[in-house]
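Worksheet for the structure shown next.
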Amino acid sequence: MSILSDIKGNLVRQREALKIYRALMSENIGWPRSLERELLLLCHSLEKGMGMAIPRVDFGKEKAMKAIEDLRNLDVSSYVRNEAYSTIKSYIEYSKSIGSDVSAIEKKFNELSIENCSKIPAGFDYVDTNMLFDSFDSEFAKKFLQSRRSVRDFKDTIIEDSLIEEITHLAMKAPSACNRQPAKVYYAKSNAKEIAKYIPGNKGFEDKIHNWVVITARRDLFGRTETLQYYVNGGIFVDHFILALHAFGLGGVVFQMPITNKGTDKIRELLAIPKNEAIIAAVGFGIPNDTVKCLCASRRPIDEVLTVR
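Residue numbers (this note's numbering): 29 to 337.
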């Protein structure tokens, strides 16, 4: 009997391994060149140059020219348009202030016929680090982080759109590679119960969680040499989102979404999630009941986590 069980177990593992392999191969194909991605990378490079303590006088000229050309051809995303416009403008102003001749770049920039562009903060800013770290109480911050628990039992209250917007705005402070901000949030307000059927690991809690968001990350903002990095960036956003929930007095629990999850396609259909977005995680949340059961979930000893060489 044990031999037959071993054979059956091996077959199951092989089938799962094949599913994972196929899923990874589909993730690894790369996505078409995205002007949004190219522009954000160029802008970030220019901003990093401006942010250096002592930049080269003529830094970034080729990239600025390329950014202007890409901006001319961009036909989507008001944010990327404004980011590129503002970064190039800041670059020209800064370059002139350090004695760099950017007259050709300025001429080409002024020839742009771009409608609906707005100047937004771009380039760099001087920050008083004393003010930066004095703006919060470290003891409160420790208490805040240590007090967060995964909650799976909520009052039957639907969270208002305006509060979800505030929470999402706060979560958007999450860092991302070259400030690409690939994360997107889908609030399943009208079909939460239907979504819950397809969340893996949700068995036994289907009737306890009344609010769901599904967090995704855009694949097309990453290149062929950045395979699966959108999962990393999306995961960072998920962490900020769950902490933002806590900051607004809401409980939450994260459910991972394996790439072989059978319900993923149905979730994608129900929320109209485009194919170019990888589903990172689902978050169940809401107003916790007055007393809830939370798993003890002790943390590993520090010496199993921190290594000092």
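Glycine included, every Cβ here is placed at the ideal spot set by N, Cα and C.
Quick caveat: nothing in here was measured; it's all calculated off a predicted structure.
Does the Cβ-Cβ distance between residue i and residue j come in under 8 Å?
| i | j | result |
| --- | --- | --- |
| Ala169 | Ala211 | no |
| Ser178 | Val281 | yes |
| Asn239 | Gly312 | yes |
| Ser105 | Glu64 | yes |
| Ile308 | Ile237 | no |
| Lys94 | Leu70 | yes |
| Tyr119 | Ala92 | yes |
| Ile96 | Phe152 | no |
| Ser125 | Val85 | no |
| Asn207 | Leu68 | yes |
Sorted by chain position, which residues of the same chain lie with C-beta nearer than 6 Å to residue i's C-beta, five sequence neighbours on each side aside?
| i | result |
| --- | --- |
| Ile227 | Phe283, Ala310 |
| Phe269 | Ala199 |
| Ile187 | Asn239 |
With a 10 Å radius around its C-beta and 16 neighbouring C-beta atoms as the bar for buried, classify residue i as buried or exposed.
| i | result |
| --- | --- |
| His274 | buried |
| Ile164 | Going by the sequence as given, residue 164 is Phe instead of Ile. Flag for Phe164 reads exposed. |
| Val108 | buried |
| Gln42 | exposed |
| Phe161 | exposed |
| Ala325 | exposed |
| Gln27 | Only positions 29 to 337 of the chain appear in this structure, which leaves residue 27 out of reach. |
| Phe87 | buried |
| Gly79 | exposed |
Work out the CA separation of residue j and residue i for me, nearest whole Å.
| i | j | result |
| --- | --- | --- |
| Tyr258 | Ala306 | 8 Å |
| Asn158 | Asn101 | 42 Å |
| Asn110 | Gly229 | 41 Å |
| Ile148 | Ser114 | 6 Å |
| Ser30 | Phe233 | 35 Å |
| Asp331 | Asp267 | 23 Å |
| Tyr122 | Glu134 | 12 Å |
| Ile142 | Ala205 | 27 Å |
| Lys221 | Ile295 | 12 Å |
| Ser62 | Ala112 | 14 Å |
| Ile287 | Lys225 | 17 Å |
| Asp248 | Asp318 | 43 Å |
| Lys171 | Ala202 | 20 Å |
| Leu334 | Arg176 | 21 Å |
| Phe250 | Arg328 | 34 Å |
| Ile223 | Glu297 | 10 Å |
| Ala150 | Ala45 | 46 Å |
| Leu74 | Leu140 | 19 Å |
| Leu39 | Asp189 | 47 Å |
| Tyr154 | Ser166 | 23 Å |
| Ala272 | Ser33 | 46 Å |
| Lys89 | Gly77 | 11 Å |
| His72 | Glu193 | 26 Å |
For the candidate residues the options, whose alpha-carbon lies nearest to that of residue i?
| i | options | result |
| --- | --- | --- |
| Gly263 | Tyr119, Lys236, Met285, Lys290 | Met285 |
| Ile301 | Gln209, Tyr214, Leu256, Tyr154 | Tyr214 |
| Lys231 | Ile187, Asn207, Thr255, Arg180 | Arg180 |
| Leu299 | Asn144, Gly77, Ala216 | Ala216 |
| Ile195 | Leu173, Val241, Glu167 | Val241 |
| Cys145 | Val130, Ala132, Lys117 | Lys117 |
| Phe265 | Ala199, Leu32, Arg252 | Ala199 |
| Lys47 | Asp235, Lys290, Leu323 | Lys290 |
| Leu191 | Ser131, Phe276, Arg252 | Phe276 |
Enumerate in chain order the residues of its own chain whose CB-to-CB distance from residue i is below 7 Å, with the five nearest sequence positions on each side excluded.
| i | result |
| --- | --- |
| Asp156 | none |
| Ile315 | Phe182, Lys183, Thr185, Leu278 |
| Thr292 | Met285, Ile307 |
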